[in-house]
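Take a look at the structure set out below.
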Amino acid sequence: MPDSYPALLEDVKSRIRAAQIKAALSVNRELIELYWDIGKLISARPKKEGWGKSVVERLSADLRSAFSQIAGFSPRNLWRMRSFYVAWTENIRNLPQAVADLDGENLPLPVAEIPWGHNILRRICVKNIQAPGWCSRVQIHQ
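If you want it as structure tokens, here you go:
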């Protein structure tokens with residue numbers, strides 16, 4: 021092997037790792053946007069059509085049947101998607117002074133970069149802020 025081979029190998033490995041990270045971030049962004057959209061759909065229905073828990077449970081069962089190889093469509097997680105959407109829309113509109121890039125309608129871009137479990141943990145911790153140390157004991161189950 022030429023003397024330059026180890027440097028070539030390290031360069032190629034570094035590029036592969038960088039591409040893997042970019043791909044993972046892209047997949048995460050798409051997943052968060054999907055969860056946002058599902059949350060938006062679930063959020064709108066009870067107001068318009070008067071349905072609730074039983075419809076979400078049925079939706080969960082049907083999604084898990086249709087996409088049995090994909091985790092994340094439990095009733096609990098569907099409700100979390102709704103909560104996630106509401107937290108960044110309705111709750112943002114209720115703030116006395118909204119942050120400039122939060123319009124209360126669209127998913128804030130930085131939020132799409134955060135993994136789903138971290139978004140849920142953030143939401144749970146904000147809701148339970150009066151209980152110091154509580155967030156360090158939270159376990160996320162989908």
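Each step along the sequence shown adds one to the number in this note's numbering, with nothing skipped, and position 103 is 123.
Glycine is no exception: its CB is placed at the ideal position from the N, C-alpha and C atoms.
Using a Cβ distance threshold of 8 Å, determine whether the stretch 38-52 contacts the stretch 126-139, with at least three qualifying pairs required.
yes
Alpha-carbon to alpha-carbon, A38 and N97
31 Å
Is it the case that the Cβ atoms of G72 and M101 are separated by a distance below 7 Å?
no
Alpha carbon to alpha carbon, how far is S88 from Y105? Give it in angstroms, no decimals.
24 Å
Rounded to the nearest angstrom, how far is the Cβ of W108 from that of V76, given a contact under 8 Å?
Actually they are not in contact, since the Cβ atoms of W108 and V76 sit about 19 Å apart, beyond 8 Å.
Between W56 and L127, is the Cβ-Cβ spacing less than 7 Å?
yes
Along the chain, where does the alpha helix (DSSP H) that runs through E77 open and close?
K73 to A86
How close, in whole Å, do the beta carbons of S80 and S94 come, if the pair is a contact with beta carbons under 8 Å?
6 Å
Run through DSSP, which three-state label would Y25 get?
helix
Terminal residues of the continuous alpha helix (DSSP H) containing F104?
P95 to W108
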